[in-house]
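Note sheet for the following structure.
Residue numbers (the numbering used here): 94 to 394.
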């Protein structure tokens with residue numbers, strides 16, 4: 094079991110609030126060419142990762158202000174913790190970058206005794222604000238009230254004409270989410286090949302590629318269900334010669350659905366899609382910074 098670094102996590106307080114944020118900040122960002130790590134790069138006067146962390150800490154849930162956060166660090170972790178504030182947050186190290194599924198699982202190991210929900214955010218999603226987080230939490234709670242214990246979690250998604258390299262959201266016969274299929278997996282399918290899902294839904298390669306609903310990566314899930322699902326994931330081979338493997342966080346959906354659990358999707362309105370947009374390069378980040386600045390100044394609605 095990994096050890097927490099920095100600020101101790103107050104499990105009793107977390108249970109009162111009912112939502113803990115896990116921020117993924119361990120990656121190197123290989124396409125982000127700059128003198129300092131991507132997660133600490135300046136963005137509107139703060140380190141990039143502080144944007145999502147500050148949004149979480151200012152979110153009001155159940156009348157209580159401020160979600161506690163567990164920050165997963167790895168690449169340049171000492172610099173990252175020093176820049177973000179080592180005593181301001183709870184950190185956990187992912188010394189081997191084995192994928193997003195592994196990163197979330199490492200963070201969940203710090204939540205022993207916690208019975209609430211986990212909200213997963215990304216260090217390079219600076220457009221996420223308290224208003225969006227509150228909406229995500231509210232919609233998640235509404236599904237819990239509607240479906241009861243059979244419901245596990247919600248994926249934040251968007252709709253665009255061409256989902257490009259994003260993972261595709263697969264909806265089942267009842268309209269809930271039965272899978273997230275990465276573009277690289279779709280590309281490996283043969284023309285006309287059919288992929289079957291646990292509820293009996295079937296999609297061809299062409300149908301999956303044409304799917305317009307994409308996965309933002311942001312999710313909110315019952316902590317225990319999430320832990321159980323990630324613990325059973327199998328690694329995906331990502332490279333050969335030498336072989337490399339990663340655990341995809343997206344695989345948690347099929348793991349839960351196969352156990353009879355429901356997973357839903359929250360489609361962010363088109364005018365707010367920039368809030369869930371990430372940035373892979375310095376140029377993309379600077380473009381996003383301009384939009385966030387316009388929004389906060391009232392220029393962009």
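In this text, a Cβ means the ideal position worked out from N, Cα and C, and glycines have one as well.
- For the region 204 to 274, the continuous beta strand (DSSP E) assignments of 3+ residues that do not extend past its boundaries occur at 210 to 215, 244 to 252, 261 to 264, 270 to 274, in sequence order.
- In this structure, the straight-line span from the alpha carbon of residue 194 to that of residue 284 is close to 29 Å.
- Counting only the Cα atoms, residue 295 lies some 31 Å from residue 196.
- Bounds of the alpha helix (DSSP H) holding residue 380 are 375 to 390.
- In this structure residue 183 does not touch residue 211 by the C-beta definition: roughly 13 Å separates them, more than the 8 Å allowed.
- Per DSSP, reduced to three states, the secondary structure at residue 302 is helical.
- Pairing residue 132 with residue 142 gives a Cβ-Cβ distance under 7 Å.
- Using a 10 angstroms sphere on the CB of residue 389, the tally of other CB atoms stays under 16, which defines it as exposed.
- By the beta-carbon neighbour count (other beta carbons within 10 angstroms, threshold 16), residue 368 is buried.
- Within the same chain, Cβ atoms closer than 8 Å to the Cβ of residue 317 are found at 208, the five residues on either side in sequence being excluded.
- For the options 327, 363, 355, the alpha carbon positioned closest to that of residue 306 is the one of 363.
- Counting every other CB atom within 10 Å of its CB across the protein chains shown gives residue 106 a total below 16, marking it as exposed.
- Cβ-Cβ distances below 6 Å link residue 351 to 291 in the same chain, with the five nearest sequence neighbours on each side left out; the list follows chain order.
- In this chain, the alpha helix (DSSP H) harbouring residue 345 covers 345 to 350.
- When C-beta atoms of the region 160 to 177 are compared with those of the region 110 to 128, three or more pairs fall below 8 Å, so the two segments count as touching.
- Inter-residue distance for residue 97 and residue 204 is about 10 Å (C-alpha atoms, whole angstroms).
- With distances taken between CA atoms, residue 130 lies nearest to 216 out of 216, 94, 349.
- Its chain contains 127 as the residues whose beta carbon lies nearer than 6 Å to that of residue 375, once the 5 sequence neighbours on both sides are disregarded; these appear in chain order.
- Contact between the region 271 to 283 and the region 173 to 193 is absent: fewer than three C-beta pairs spanning the two stretches fall below 8 Å.
- Sequence-distant partners of residue 386 (beyond 5 residues in either direction) whose C-beta falls short of 7 Å from its own C-beta, in its chain, are 137.
- Using a C-beta cut-off of 8 Å, the region 250 to 259 makes no contact with the region 220 to 231, since fewer than three inter-stretch Cβ pairs fall below that distance.
- Counting other Cβ atoms within 10 Å of its Cβ, residue 206 stays below 16 and is therefore classed as exposed.
- For residue 337, same chain residues with a beta-carbon under 6 Å away, outside a window of 5 residues either side, are 331 in chain order.
- If you ignore the 5 residues before and after residue 360, its C-beta comes within less than 8 Å of the C-beta of 250, 251, 252, 306, all in its own chain and listed in chain order.
- Residue 363 carries a helical assignment under DSSP once its states are collapsed to helix, strand and coil.
- 263 is the residue among 308, 263, 311, 270 whose C-alpha sits nearest the C-alpha of residue 288.
- By alpha-carbon distance to residue 186, the top candidate from 95, 329, 335 is 95.
- Excluding sequence positions up to five before and after residue 320, its CB lies within less than 6 Å of the CB of 201, all in the same chain and listed in chain order.
- Setting aside the 5 residues that flank it on each side, residue 355 is surrounded in the same chain by 240, 243, 244, 269, each with a C-beta closer than 6 Å to its C-beta; the list follows chain order.
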